[in-house]
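Sequence lines, in order, name chains A and Z. 31 is the number that the numbering used here gives to position 31 of the first sequence; each next residue is one higher, with no gaps. Converting from the second sequence to the numbering used here requires adding 253 to each position, the first position being numbered 1. One structure below.
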Amino acid sequence: MQMLKGNHITVRYGDNAVVDDLSFELQEGQWLMLVGPNGAGKSTLIGAISQGVPYTGDILLEGADIRRCKAAQRARKIGVLSQKNSVGYGYTVEEVVRLGRYAYTSGFLSTRDDDGKAQVERALELTGLTDFRHASVLTLSGGELQRTFLAQVFAQDPQILILDEPANHLDLVYQKHIFSLIGQWLKTPGRAVISVVHDLSLARRYGTHAVLMNHGKCAAQGEVDAVLTPENLRSVYSMDVYAWMKDMLAQWQ
Amino acid sequence: MKKLSEHFSWGTYVLLAAALIACLLLCICVGSVAIPLKDTVVALWNSLRGLEIPAGISKNIILNVRLPRVLNVALVGAALSLCGAAMQGLLRNPLADGSTLGVSSGASLGAVLALALGVSIPGFSLGGTMLMAMLFAFLSLAAILGLAYALDRSLSTNSIILIGVIFSMFVSSAINLIISFAQEHIKSITFWTMGSLSGTNLSCAGVLALALLLCGGVILRYARELNAFAIGEDNARNIGVNVRRVKLIILIAVSVLIGVSVSVSGAIGFVGLVMPHMARMITGPNHKRLLPASMFAGAIFLLLADLTARTILAPVEIPIGVVTSLVGATAFIAVFYRTRKAG
Numbered sequence: 001m002q003m004l005k006g007n008h009i010t011v012r013y014g015d016n017a018v019v020d021d022l023s024f025e026l027q028e029g030q031w032l033m034l035v036g037p038n039g040a041g042k043s044t045l046i047g048a049i050s051q052g053v054p055y056t057g058d059i060l061l062e063g064a065d066i067r068r069c070k071a072a073q074r075a076r077k078i079g080v081l082s083q084k085n086s087v088g089y090g091y092t093v094e095e096v097v098r099l100g101r102y103a104y105t106s107g108f109l110s111t112r113d114d115d116g117k118a119q120v121e122r123a124l125e126l127t128g129l130t131d132f133r134h135a136s137v138l139t140l141s142g143g144e145l146q147r148t149f150l151a152q153v154f155a156q157d158p159q160i161l162i163l164d165e166p167a168n169h170l171d172l173v174y175q176k177h178i179f180s181l182i183g184q185w186l187k188t189p190g191r192a193v194i195s196v197v198h199d200l201s202l203a204r205r206y207g208t209h210a211v212l213m214n215h216g217k218c219a220a221q222g223e224v225d226a227v228l229t230p231e232n233l234r235s236v237y238s239m240d241v242y243a244w245m246k247d248m249l250a251q252w253q
Numbered sequence: 254m255k256k257l258s259e260h261f262s263w264g265t266y267v268l269l270a271a272a273l274i275a276c277l278l279l280c281i282c283v284g285s286v287a288i289p290l291k292d293t294v295v296a297l298w299n300s301l302r303g304l305e306i307p308a309g310i311s312k313n314i315i316l317n318v319r320l321p322r323v324l325n326v327a328l329v330g331a332a333l334s335l336c337g338a339a340m341q342g343l344l345r346n347p348l349a350d351g352s353t354l355g356v357s358s359g360a361s362l363g364a365v366l367a368l369a370l371g372v373s374i375p376g377f378s379l380g381g382t383m384l385m386a387m388l389f390a391f392l393s394l395a396a397i398l399g400l401a402y403a404l405d406r407s408l409s410t411n412s413i414i415l416i417g418v419i420f421s422m423f424v425s426s427a428i429n430l431i432i433s434f435a436q437e438h439i440k441s442i443t444f445w446t447m448g449s450l451s452g453t454n455l456s457c458a459g460v461l462a463l464a465l466l467l468c469g470g471v472i473l474r475y476a477r478e479l480n481a482f483a484i485g486e487d488n489a490r491n492i493g494v495n496v497r498r499v500k501l502i503i504l505i506a507v508s509v510l511i512g513v514s515v516s517v518s519g520a521i522g523f524v525g526l527v528m529p530h531m532a533r534m535i536t537g538p539n540h541k542r543l544l545p546a547s548m549f550a551g552a553i554f555l556l557l558a559d560l561t562a563r564t565i566l567a568p569v570e571i572p573i574g575v576v577t578s579l580v581g582a583t584a585f586i587a588v589f590y591r592t593r594k595a596g
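What follows is the structure, given as structure tokens:
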């Protein structure tokens, strides 16, 4: 089943096209990795999908134009983890996570969110934050804060997860933990993931599909093994990525 | 040490309400003519129930002079503080407030213009200034946010404050310009720029109460959305808040409230900036608790400030804006340094 589709998406800042005529497709069960060098337009593309950045072209959510989707309706289908997360006031971890249920309880005729409490509990547990629930977010480390917002997205219980560098600030243990967690999450039918990842090894390990971006354009897309080839990576990153990664690993032997 | 906000419970509201009532009574009793507390209570109670007030009680001072003033002071304080709390959440900016952003001065410009040009609504003497103050409050807010947005799309703290300061300077020069053309109004114009609540009547309090009920109700209704904005606008969008609509509704509610407050009391600074900070120390940042607590805190603070303004140099009454700025600025610096040091 097709879950999300982008047709000729272009985002301009002034005369500069940050995302340039890019199309993609996301099917049920897929984990689509957005990869490419800094400034390739990956986060901007995510901004367009989450309706935070004006764009031309169409984004279809289950076949319908996402622009016509009500904000709360969209949030029940798509959960977005942004790249930059900081909080200015001392909310508790639980308060931030509980806001993930907003889309289910908003509106004057708000339906009762019977499921909400359990979803919040589960999200806290999955991200290992149960003991931090009453902690102020101002006292958290970068990784704990990242997990807090990840828990918020899990509490939102969407069908599509969009993650901008989910491994940001996470140590190796939590990187592994979070990525296998998302892998588990994806096994339930009717779900799909898009994520921006800089670590190409993580992209290759967990992704089913990939879009390789360069200067806002799509350099290659398709199944992850067919996209992350030595030739493709060399042309986009202007260096021999395979040789570099092998060299890095060889140090440990 | 546990933070104060960890002890917050609904009992805190009862305490705040009791403190507010105590302040109201205190402010009615104290003044150039001292009135015994018992007389005040009897006069208020009897007039509420439509009973005769016993002779020997200064009925006129209590019911016609002090009560209207005290009610207006409390309502203006609550309104300004609520607006400050809402803006600090909405813009995710602890320095946001009607006075720092130039909205209050914009509203006074509207009021001064109405005065100089003689804009009025027949049958309601304050109507013209009130309408112009509301209109200018909203236009100022729109102009400031528009300019700040053009400068920096993320609407960062610094650019909003910068534009707000520049806008306030612009407005004060505009007010000075009007003063130089309208010398005959100079006394009443000064009133708008410094703030005063002497001579306010019960119909002012009625309009204020209505505005606070309607706009305050709207703002309180959006407490959850304000929490989302306070965490971040992107985050609010991601969890399903209709960011544009909610922002516009809250900004309109805030402008109307600031406009009405300014048209009754003139521009009174620092209430909306400092009181939400104080309230946040008690309740924590959650707007469901913060907004009502800010209203109580604002009302209490402004009552005490007004009491100080009319008694400290009696029989001379100093402008209430002078008191709030002196106390507010000092308190704010203390709070700001403490939170900065604590990280």
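Even glycine gets a Cβ: it sits at the ideal position worked out from N, Cα and C. These numbers come from a predicted model, not from an experiment.
In summary, no residue of the stretch 414 to 444 of chain Z has a CB separated from any CB of chain A by less than 8 Å.
Secondary structure note for R204 (chain A): its alpha helix (DSSP H) is the uninterrupted segment 200 to 206. At a cut-off of 7 Å between beta-carbon atoms, I484 (chain Z) makes contact with chain A.
DSSP places W31 (chain A) in no alpha helix (DSSP H) but in the uninterrupted beta strand (DSSP E) bounded by 31 to 35. Sequence-ordered contacts of the stretch 487 to 507 of chain Z with chain A read D487, N488, R490, N491, I492, G493, V494, N495, V496 [C-beta pairs closer than 8 Å]. Between G190 (chain A) and L556 (chain Z), the alpha-carbon positions lie close to 59 Å from each other. For the options A:Y89, A:T44, A:G41, the alpha carbon positioned closest to that of G537 (chain Z) is the one of A:Y89.
The beta-carbon of R345 (chain Z) is placed less than 7 Å from the nearest beta-carbon of chain A. Taking C-alpha positions only, A331 (chain Z) is separated from D115 (chain A) by approximately 37 Å. The alpha-carbon separation between V524 (chain Z) and K541 (chain Z) amounts to approximately 20 Å. Interface with chain A (7 Å Cβ-Cβ cutoff): P538 (chain Z) is included.
Minimum Cα-Cα distance from T139 (chain A) among the listed residues A:I78, A:A48, A:S86 corresponds to A:S86.
Between the C-alpha atoms of G47 (chain A) and V576 (chain Z) there is a straight-line separation of about 47 Å.
D171 (chain A) is classed as exposed because its beta carbon has fewer than 16 other beta carbons within 10 Å across all chains shown. Nearest Cα to V418 (chain Z) within the set Z:L400, Z:V267, Z:A550: Z:L400. Remark: C-beta atoms of A220 (chain A) and L233 (chain A) do not approach each other more closely than 7 Å. In the displayed model, S334 (chain Z) falls within a helix according to three-state DSSP.
Of the residues Z:A562, Z:A567, Z:I565, Z:G581, the one whose Cα lies closest to the Cα of G551 (chain Z) is Z:G581. Excluding residues up to 5 positions away in sequence, P37 lie with their Cβ nearer than 8 Å to the Cβ of Y237 (chain A) in the same chain.
DSSP, reduced to helix, strand and coil, places Q73 (chain A) within a helical segment of the structure shown. Beta-bridge pairing by DSSP links F24 (chain A) to A:G6. Using beta-carbon distances, G41 (chain A) does not count as an interface residue toward chain Z, since no partner is under 7 Å.
When DSSP assignments are scanned along the stretch 131 to 186 of chain A, the uninterrupted stretches of alpha helix (DSSP H) that are 4 or more residues long and fall wholly within it turn out to be 142 to 156, 172 to 186.
Taking a contact to require three or more Cβ pairs closer than 8 Å, the stretch 509 to 516 of chain Z and the stretch 387 to 406 of chain Z qualify as touching. DSSP lists A:C218 as the bridge partner or partners of M213 (chain A).
For chain Z, the residues of the stretch 65 to 82 of chain A that bring a beta carbon within less than 9 Å of one of its beta carbons are K70, A71, A72, Q73, R74, A75, R76, I78, G79, V80, L81, S82, in chain order. The C-alpha of L465 (chain Z) is placed about 54 Å away from the C-alpha of Y206 (chain A). W31 (chain A) sits buried, since 16 or more C-beta atoms from the chains shown fall within 10 Å of its C-beta. Not a single C-beta of chain A is nearer than 7 Å to the C-beta of A403 (chain Z).
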